[in-house]
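Only one structure is covered here, and it is reproduced in the block below.
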Amino acid sequence: MQSSRRMLEVREVGKVWASRAGNVVALEGASFAVTEGEFICLLGPSGCGKSTLLEIVAGLLEPTTGEIVMDGERVREASPERGMVFQAHALFPWRTARENVEFGLEMRRIDRAQRQRLAEQLIALVGLSGFEESLPRELSGGMCQRVAVARALANSPKVLLMDEPFGALDAQTREELQREITRIWQETRTTIIFVTHSVPEAVILGDRIVVMTGRPGRIHSTISNLLPRPRDATSPEFGATMRTVYSALEDARRA
Amino acid sequence: MNASRRIVAYLAPITGFLVLFLLWEAAIVVFHPATVVLPTPWQTLRALLSMAQSDKVWADIGTSLFRVAAGFAIAIVAGVPIGIALARSMFFREVLAPTLEGFRFVIPFAWIPIASLWFGLHESGKVFITWYAAFFVIAFQTEAGLRQVDERLVKAAKTLGAGSRALLRKVYLPAAAPMIVTGLRLGLSFAWISILAAELVNAKAGIGYFTMNAADFFRSDQAFAAMAVIGVIGFLMDRAFRLLERRMFAWHRSTDAIQ
Amino acid sequence: MRRFALGTLVPFAVLAAWWLVGASSLPARSVISTPPEVVMALARAASSGKLWTDVAVSLVRALGGWAAALVLAAPLGIAMARVVALRRILGPVLNVLRPISPVAWIPVAILWLGIGYGSKVFIVGIISFFVILANAFHAAASIDPLLLKAVRTFTRSRLKTALHVVLPASLHGVVNGAQFALASAWGGVIIAEYTGANGGVGYEMLHAANLFLPAQVMANMVIVAIVGYLLNAAFTRAVRTDVGRKYLG
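Sequence order for the protein chains is F, Z and G.
Heads up, the first sequence is in my numbering, so the first residue is 2 and it goes up one at a time.
Heads up, the second sequence is in my numbering, so the first residue is 54 and it goes up one at a time.
Heads up, the third sequence is in my numbering, so the first residue is 3 and it goes up one at a time.
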């Protein structure tokens with residue numbers, strides 16, 4: 002049963018980049034809240050600052066204005082409580098799949114035997130049993146992203162932040178991984194914030210879809226997605242939801 | 054690789070040397086230089102053989118190798134930390150980099166008179182030169198290697214709970230390792246090349262000293278033979294290093310396309 | 003501004019130390035002199051015109067060897083990277099010749115080519131050759147294979163591929179190599195002159211050292227450093243034009 006606790010709040014977050022050509026406002030007054038256990042999608046056109054927002058939530062970037070509050074405490078820095086999966090190429094190339102997953106556990110000084118056990122469990126969870134000793138260069142893009150998810154989950158994060166993780170993959174793999182991440186989410190009940198620029202992807206995955214405008218990035222609206230899972234991308238209900246989202250996106254683009 | 058290709062692969066380098074010898078002989082035939090100026094390949098070969106049977110020559114090679122190893126080792130101990138500091142601290146870079154860059158292009162040879170003065174007959178004079186030859190490239194390559202580390206790896210590590218010491222040890226250094234080790238390889242080769250210069254600093258032994266001594270006594274055949282020895286040793290060191298690199302960095306996406 | 007100031011910290015410290023040591027004792031004075039004496043020696047050389055002639059002589063030698071090396075090594079490096087046979091044949095030979103210090107070539111060069119321009123150009127050439135070769139090779143070897151595949155859809159002609167793809171792509175490596183080689187060439191010519199020449203900055207250094215005139219020696223070293231710096235700056239300026247940027251990124 003999903004709890005209704007407000008776990009994470011984004012409060013009036015803004016980000017301004019100073020450059021020689023003048024200030025660039027990447028984000029402006031972004032606010033929304035995330036309930037524990039929900040799967041929320043940030044949707045917007047390229048360059049609308051959604052990745053920036055995600056990095057601010059992670060604690061990798063400092064907002065120029067506003068703050069992120071998680072479990073009542075202000076977020077000041079990156080932490081394993083806010084695990085992150087990047088678009089690509091963030092696996093440590095000199096470490097095998099298992100060693101990558103073990104990285105967070107090493108940071109927590111967990112002993113070797115336990116580390117190995119946990120890592121193997123997680124690799125099984127993401128469906129890569131048998132590939133523990135492979136190096137990233139030997140794995141396909143989709144497999145690498147699975148390892149990335151396992152690596153982030155190793156620290157039992159309170160929230161999993163995913164920045165267009167399937168963007169660099171081909172359509173088949175992308176669909177497969179969308180199913181996989183839904184399954185993993187259902188099994189682990191981790192809170193997930195998922196950034197994407199693809200409407201179908203947002204509707205397949207998200208409980209709620211936060212629509213953002215283009216530069217400067219602002220929250221335009223939030224759409225609840227009440228379609229039951231497993232979601233059928235060909236059903237008329239799905240199409241209706243997509244239409245709602247598309248029109249919101251169009252609206253946001255014009256705003 | 055099938056048999057015929059393998060034969061060709063072995064034959065090719067030999068062809069190269071053959072061409073070299075032919076040109077050499079041709080130069081002798083055409084220009085008729087005194088053997089003092091240019092010995093014939095045969096004379097050089099004979100000198101090489103007699104050198105191979107001489108214990109002193111082997112000892113000389115050992116002495117030179119020791120001097121290079123010592124300078125190289127000190128260059129690593131000094132260069133890598135300085136490279137790290139240059140990459141991490143803007144302040145450090147602004148203070149030290151201009152001076153280092155300035156000295157970088159002053160070749161080791163230029164320090165011979167000063168080294169002679171400071172160190173006299175002591176071994177450290179030679180080691181100073183070999184150290185000097187290796188130091189700069191090691192420091193700068195280390196810095197460059199650290200600078201080109203993919204920021205995403207660092208971000209990922211931070212979200213996995215890595216503090217700054219863990220970041221350095223477990224992310225920056227492993228990611229920079231290929232470039233750092235390339236720097237080490239280059240440093241060793243520069244140090245070895247500088248052995249001749251180093252042994253001009255009041256040396257009484259060593260393969261470099263042997264070469265200059267032979268030249269002074271007009272034994273050009275011995276000088277050429279010694280130069281060949283220096284060349285081959287340098288070549289072997291380079292090979293060994295590259296083999297090491299290939300083994301250590303199998304995980305690296307792009308492997309050096311050079312031989 | 004602040005960066006400039008910080009960068010001069012160490013040089014100033016060195017300068018101060020030099021002055022102190024130089025002024026401290028007579029024997030020290032006769033070996034390393036003191037900054038003011040060096041400045042005077044410089045001024046004298048400049049006003050008498052000697053400085054300019056010396057620098058010109060050395061420059062001609064350095065640039066001559068450098069240019070010759072560039073013309074030989076750049077095409078060879080690129081060719082060796084792309085033609086396997088060439089690489090296999092010449093590679094080992096060059097790899098064995100490379101570690102042989104230019105210093106070793108000096109007596110040989112002098113015996114062959116005398117103590118005038120020829121031997122100096124030869125030494126500088128050897129130094130520059132290997133530097134440019136390595137850089138050109140590396141750049142030509144690292145061309146994105148995808149690029150070459152794409153070109154293959156336009157033309158099967160190897161010559162065209164070479165001209166339009168390989169050459170521009172290798173250019174930055176050649177330029178890099180040329181820049182390093184320039185610095186080495188300038189340093190190398192001084193060394194080559196130091197051990198036997200007539201005229202040139204290096205020769206003057208040797209001459210002054212033999213006459214126990216430390217101020218002159220140091221003055222010449224300062225000249226070497228300044229000219230080296232200017233050469234590098236000029237090269238960077240020439241290369242970082244808009245045209246340069248288009249090809250080199």
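Just so it is clear, CB atoms sit at the ideal spot from N, CA and C, and this is done for glycine as well.
Asked	Found
Sequence-distant residues of its chain with Cβ nearer than 7 Å to residue 242 (chain F) (five each side left out)	204, 226, 228
C-beta atoms of residue 267 (chain Z) and residue 276 (chain Z) nearer than 8 Å	yes
Chain Z contacts made by the stretch 8-27 of chain F, where a contact means CB separation under 9 Å	none
Length at least 4, wholly inside the stretch 13-48 of chain F: the alpha helix (DSSP H) runs in chain order	none
Any chain Z beta carbon closer than 8 Å to residue 94 (chain G)	yes
Residue interval of the alpha helix (DSSP H) (run including residue 141 (chain Z))	108-141
Alpha helix (DSSP H) segment containing residue 139 (chain F), residue limits	Element bounds for residue 139 (chain F): n/a, residue is neither H nor E.
Cβ pair residue 223 (chain Z), residue 215 (chain Z) closer than 8 Å	yes
Buried or exposed by the 16-neighbour rule on C-beta atoms within 10 Å, applied to residue 252 (chain F)	exposed
Continuous alpha helix (DSSP H) stretch holding residue 63 (chain F): start and end	No alpha helix (DSSP H) holds residue 63 (chain F); DSSP gives it neither H nor E.
Residue 218 (chain G), buried or exposed, once every other Cβ within 10 Å from all chains shown has been counted against 16	buried
N- and C-terminal bounds of the alpha helix (DSSP H) containing residue 238 (chain G)	216-241
Whole-number beta carbon distance between residue 197 (chain F) and residue 280 (chain F), since they are thought to touch under 8 Å	No information on residue 280 (chain F) is available, as it lies outside the stretch 2 to 256 that chain F covers here.
Beta-bridge partners of residue 270 (chain Z), as assigned by DSSP	Answer is none; residue 270 (chain Z) lacks a bridge partner.
Proximity below 8 Å, CB of residue 164 (chain Z) to CB of residue 185 (chain Z)	yes
4-residue-minimum alpha helix (DSSP H) runs that sit fully inside the stretch 165-246 of chain Z, ordered along the chain	165-172, 176-200, 204-212, 217-220, 226-246
Reduced DSSP secondary structure (H/G/I, E/B, other) of residue 166 (chain G)	helix
Any chain Z beta carbon closer than 8 Å to residue 98 (chain G)	yes
Rounded separation between residue 312 (chain Z) and residue 65 (chain F) - CA only	Confidence is the limiting factor: at residue 312 (chain Z) the pLDDT is only 28, short of 50, which leaves the residue's position unreliable and the question unanswerable from this model.
Chain-order list of residues whose beta-carbon lies under 7 Å from that of residue 102 (chain F) (same chain, five-residue window excluded)	120, 123, 124, 148, 151, 152, 155
4-residue-minimum alpha helix (DSSP H) runs that sit fully inside the stretch 176-209 of chain F, ordered along the chain	200-206
Residues sharing a beta bridge with residue 162 (chain F), DSSP	F:85, F:194
8 Å Cβ cutoff met for residue 80 (chain Z) and residue 91 (chain Z)	yes
Proximity of residue 236 (chain Z) and residue 183 (chain Z) at Cβ, strictly below 8 Å	no
Bounding residues of the alpha helix (DSSP H) (the contiguous stretch that carries residue 268 (chain G))	Any property of residue 268 (chain G) remains undetermined from this structure, which presents chain G solely from 3 to 251.
Proximity to residue 181 (chain G) [Cα-Cα], best of G:71, G:23, G:109	G:71
Min CB distance residue 73 (chain Z) to chain G below 8 Å	yes
Inter-stretch contact (C-beta, 8 Å, three-pair minimum) for the stretch 22-30 of chain F and the stretch 38-53 of chain F	yes
Contact list for residue 95 (chain F) against chain Z, beta-carbon separation under 7 Å	227, 304
Chain F contact for residue 206 (chain Z) (CB, 8 Å cutoff)	yes
Reduced DSSP secondary structure (H/G/I, E/B, other) of residue 68 (chain F)	strand
Residue 198 (chain Z) versus residue 116 (chain G) - alpha carbon distance	44 Å
Residue environment, residue 219 (chain F), which counts as buried when at least 16 other CB atoms sit within 10 Å	buried
Cβ contact (3+ pairs, closer than 8 Å) linking the stretch 43-58 of chain G and the stretch 144-154 of chain G	no
Best match in F:175, F:73, F:106 for proximity to residue 84 (chain F) [C-alpha to C-alpha]	F:106
Reduced DSSP category for residue 53 (chain G) - H, G, I as helix; E, B as strand; rest coil	helix
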